[in-house]
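J.: Which chain is which? The protein sequence lines are Y and E, in order. Residue numbers for the first sequence follow the working numbering, beginning at 8 and rising by one. Residue numbers for the second sequence follow the working numbering, beginning at 8 and rising by one. Sharing a structure below in C-alpha cells format, with a few things to ask.
There are 2 protein chains.
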Amino acid sequence: MLFSDRVCMNSTPQVSDSKPLALAPWETSMIEMFVRAANLVGLPRSIGEIYGLLFCASQPMTFDALQKRLGISRGSVSQGLKVLRQLGAVQLQYVAGDRKDHYVPELSMKRLVRGFIRDQFNPHIESGESRMAQVRELIDSESDAAIREHAMQRLSTLSNWQKRIRRLLPVVMAALGGAKFLEDIPSNDDVVI
Amino acid sequence: MLFSDRVCMNSTPQVSDSKPLALAPWETSMIEMFVRAANLVGLPRSIGEIYGLLFCASQPMTFDALQKRLGISRGSVSQGLKVLRQLGAVQLQYVAGDRKDHYVPELSMKRLVRGFIRDQFNPHIESGESRMAQVRELIDSESDAAIREHAMQRLSTLSNWQKRIRRLLPVVMAALGGAKFLEDIPSNDDVVI
DNA sequence: CGCTTTGTTCAAGATTTTTTGAACAAAGTA
DNA sequence: TACTTTGTTCAAAAAATCTTGAACAAAGCG
Chain Y
8 MLFSDRVCMN
18 STPQVSDSKP
28 LALAPWETSM
38 IEMFVRAANL
48 VGLPRSIGEI
58 YGLLFCASQP
68 MTFDALQKRL
78 GISRGSVSQG
88 LKVLRQLGAV
98 QLQYVAGDRK
108 DHYVPELSMK
118 RLVRGFIRDQ
128 FNPHIESGES
138 RMAQVRELID
148 SESDAAIREH
158 AMQRLSTLSN
168 WQKRIRRLLP
178 VVMAALGGAK
188 FLEDIPSNDD
198 VVI
Chain E
8 MLFSDRVCMN
18 STPQVSDSKP
28 LALAPWETSM
38 IEMFVRAANL
48 VGLPRSIGEI
58 YGLLFCASQP
68 MTFDALQKRL
78 GISRGSVSQG
88 LKVLRQLGAV
98 QLQYVAGDRK
108 DHYVPELSMK
118 RLVRGFIRDQ
128 FNPHIESGES
138 RMAQVRELID
148 SESDAAIREH
158 AMQRLSTLSN
168 WQKRIRRLLP
178 VVMAALGGAK
188 FLEDIPSNDD
198 VVI
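Encoded structure:
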C-alpha cells in the first residue's frame, strides 16, 4: 500500500519505535504554511513545524512521535512544546495505558489569538507604560524650553497611540469570538471558535 | 550652556558638517521605545532608531544628520529609510534651498498601521490563498479515505481562520480611524489620527 | 567635461537567534 | 536499588539576520 508507514503512524498510537516515517506531501505542504505563519508572528520554524504536524494529525501525538516524524532534535521539541503549551496552542491529552504525554492542537482561533496577545503582545504594551513615565521625567530635565515642549507633545502623541491599542484589543477579541463571523461551519469534530 | 551641541542640532537645519552631536537622554530613551516596538513587529533595530529619532526631532532631518546622530552606517540609513518610505512611515519633505532629502515621520497611527498591514501582513494572507489551494490538491492524492477526510476537515478549519482574519482587518482599521477613540487631543502641530 | 555632494548597493563581517545533542532529572518497574 | 523510559536543560554549533563600508550611480555645479 502506498504511504503505508505514514498511515500506520496516523492511525494508531504506535507502541513500536519503528522507522523514521516520512511525511505525506499534503502534510509537508500544510506544515510549511504553519512555519510561515509562525515566522510572521516571530516564532521559530520548529514551533511552526510542531504545531503544524499536530494540526495535521488525526490522533494525539507523543513527544517522540513529533521528534521522529519532523526529524528535529529532542531539545527543539521540548522547547517548542513548552512555548506552545504556554501559549495555549497545544494541550496535553491523557491517554489511557500510556505513560507518555500526548499532545493535541488548540483549534480555536480565538484562544490561539488570546494566548498570543497575552504572552507576546501585552507584556510589551504594559512595559511601555513605565517606560513612558521614565521618558517624561527625562524630558523634564531638558533645559531648552522649546524643545521640552515639543518633546512633551510627541510623548502625548505616543501615549495616545498606546491608549488606542489597548482599546483595540477587546474589539479584536470580540470580533474573533462572535459566531456571527463564522459561516461555513466545519462538519464534524473540530467545530470551534 | 548645557546640551548646547544637541540643541543647536535640533533648532536649525545645520549647514555645517560639525561634531557627532550626542543624543539627549530623553531622546535615547524615546528611541529605545521605538527600537522595542520595531522588534515587536519584526523590524531591525536600525529602523526603530531612525523612526524614533525622526519622531523626537522638531525639524525634518537629512540623511546624514540621521547617520551622524545615530552613529550607524550609511548603508543602514539608506536601507532603513527605504523600508520606512515603503511602509509610509516617513515622508520626504522638500526644503527650499537644500538639495538634500529631508525626512519627517508619519504621525498618524492609522496610516502607520495601514502601511504595515499592506506591506507586511496582507502579502502573507494572500499567498496563503494559493497555498491552501495547493494543499487541497495534495490532499486529493491521499490514498487513505479516512485520512483524506480528516485532512479536508482541517483544511476547512484553516480556511475559516483565514476568512475571519480578512474580515477582521477592516474592523481594526475602522476602530483606529474613528476620532471617537481619541480623547486627549495633542494641543498643536501633530494632531492626527 | 571634471569635481563634489548625495545617496544606493551588496559582499563580507558582526550579531542574534535557533538548533543540536549530551548530560541531567524524574518517575515508573522489577 | 539498579535499570528503563520519558522528558528537560544548556553550552556549543549552525543558521539566519543585520550592519558595515567600499565601490558605484546620479545629479548639480563651475
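Positions of the beta carbon are idealized from the N, C-alpha and C atoms, including for glycine.
In or out: residue 183/E buried (at least 16 other Cβ within 10 Å) or exposed?
T.: Buried, by the Cβ-count rule.
J.: Identify each residue in the segment 46-72 of chain E for which the Cβ-Cβ distance to at least one residue of chain Y is less than 8 Å, and report them in chain order.
T.: Against chain Y - using a Cβ distance shorter than 8 Å - the residues of the segment 46-72 of chain E are 47, 49, 62, 63 and 65.
J.: Distance cutoff 9 Å, beta carbons only. Does residue 135/E sit that close to anything in chain Y?
T.: Yes, because at least one Cβ of chain Y sits closer than 9 Å to the Cβ of residue 135/E.
J.: Could you tell me the alpha carbon to alpha carbon distance between residue 62/Y and residue 161/E, rounded to whole angstroms?
T.: Taking the straight line from one Cα to the other gives about 7 Å.
J.: I believe residue 97/E touches residue 112/E by the beta-carbon criterion, under 8 Å. Please report the beta-carbon distance rounded to the nearest angstrom.
T.: Right, the Cβ-Cβ distance comes to about 6 Å (below 8 Å), so this counts as a contact.
J.: Could you name the residues of chain Y that residue 182/E contacts, counting a contact when the two beta carbons are closer than 7 Å?
T.: Correct list: 175 and 178.
J.: Nearest to residue 38/E by alpha carbon, out of 28/E, 124/E and 64/E?
T.: For residue 38/E, the nearest C-alpha among the options comes from 64/E.
J.: Got a sec, what are the start and stop residues for the alpha helix (DSSP H) residue 141/E sits in?
T.: Per DSSP, residue 141/E belongs to the alpha helix (DSSP H) from 129-147.
J.: By the DSSP assignment, the alpha helix (DSSP H) with residue 58/Y in it spans what residues?
T.: That run of the alpha helix (DSSP H) goes 52-63.
J.: Is the CB of residue 77/E under 9 Å away from at least one CB in chain Y?
T.: Closer than 9 Å: no.
J.: Do we get a CB-CB distance below 9 Å when we pair residue 193/E with the residues of chain Y?
T.: No answer about residue 193/E holds up, because its pLDDT of 46 lies below 50 and its placement is not dependable.
J.: Less than 9 Å between CB atoms is the rule here; does residue 21/E satisfy it with respect to chain Y?
T.: Caution is warranted here: a pLDDT of 37 is assigned to residue 21/E, below 50, making its placement in the model unreliable, and the coordinate value is therefore given only provisionally. Answer no: the Cβ-Cβ gap between residue 21/E and chain Y never drops below 9 Å.
J.: Quick one: residues in its chain with C-beta nearer than 8 Å to the C-beta of residue 155/E, no 5 flanking neighbours on either side, listed in chain order?
T.: Cβ within range, chain order: 146, 147 and 149.
J.: Would you mind stating whether residue 43/E and residue 49/Y have Cβ atoms separated by less than 9 Å?
T.: No; because the gap between Cβ atoms is not below 9 Å, this pair is not in contact.
J.: Considering only DSSP beta bridges, list what residue 112/Y is partnered with.
T.: For residue 112/Y, which the question treats as bridged, DSSP gives the partners 97/Y.
J.: In chain order, what residues of the segment 93-110 of chain E put their CB closer than 8 Å to some CB of chain Y?
T.: Listed by position along the chain: nothing, the set is empty.
J.: Output yes if chain Y places a C-beta closer than 9 Å to the C-beta of residue 85/E; else output no.
T.: For residue 85/E, the answer is no, since every Cβ of chain Y falls outside 9 Å of its Cβ.
J.: Only counting the same chain, and skipping five residues up and downstream in sequence, which positions put a Cβ closer than 8 Å to that of residue 120/Y?
T.: Cβ within range, chain order: 179, 180 and 183.
J.: Apart from the five residues just before and just after residue 158/E, which ones in its own chain have a Cβ nearer than 7 Å to its Cβ?
T.: Excluding sequence neighbours, residue 158/E sits near 146 and 149.
J.: So with CB distances below 8 Å, who are the chain Y contacts of residue 142/E?
T.: Those are 33, 36, 37 and 40, listed as they occur along chain Y.
J.: In the DSSP output, which residue or residues are listed as bridge partners for residue 69/Y?
T.: Note: residue 69/Y sits in a beta bridge opposite 109/Y.
J.: Could you tell me which chain E residues have their CB closer than 7 Å to the CB of residue 114/Y, listed as they occur along the chain?
T.: Within chain E, the residues near residue 114/Y are 164.
J.: Grouping DSSP H, G and I as helix and E and B as strand, with all else coil, what is residue 79/Y?
T.: Coil.
J.: Can you check whether the CB of residue 87/Y is closer than 9 Å to the CB of residue 53/Y?
T.: In this structure, residue 87/Y lies closer than 9 Å to residue 53/Y by Cβ.
J.: Going by alpha carbons, who is nearest to residue 51/E out of 69/E, 166/E, 79/E and 29/E?
T.: Per the Cα distances, 79/E.
J.: Nearest to residue 70/Y by CA position, among 100/Y, 45/Y, 93/Y and 94/Y, is which residue?
T.: Among 100/Y, 45/Y, 93/Y and 94/Y, the Cα nearest to that of residue 70/Y is on 100/Y.
J.: Less than 9 Å between the beta carbons of residue 95/Y and residue 118/Y, yes or no?
T.: Yes, Cβ-Cβ distance for residue 95/Y and residue 118/Y is below 9 Å.
J.: Helix or strand or just coil, what does DSSP make of residue 122/Y?
T.: Three-state result, residue 122/Y: helix.
J.: Mind checking if residue 167/E is an interface residue toward chain Y, Cβ cutoff 9 Å exclusive?
T.: Yes, contact with chain Y.
J.: Kindly list the residues whose CB is nearer than 7 Å to the CB of residue 3/E, restricted to its own chain and excluding five residues on each side of it in sequence; keep chain order.
T.: In the structure as shown, chain E starts at 8 and stops at 200, and residue 3/E therefore has no counterpart that could be examined.
J.: So that I know if they touch, is there some Cβ in chain Y lying closer than 9 Å to that of residue 145/E?
T.: Judged by the 9 Å Cβ criterion, residue 145/E is in contact with chain Y.
J.: Report the three-state DSSP secondary structure of residue 103/Y (helix, strand or coil).
T.: In this structure, residue 103/Y counts as coil in the three-state DSSP scheme.
J.: Please check the pair residue 73/E and residue 60/E, which I expect to be a contact at CB under 8 Å, by giving their CB distance rounded to whole angstroms.
T.: With a Cβ gap of about 6 Å, residue 73/E and residue 60/E count as contacting.
J.: Taking the C-alpha atoms as reference points, what is the distance between residue 40/E and residue 152/E?
T.: Taking the straight line from one Cα to the other gives about 53 Å.
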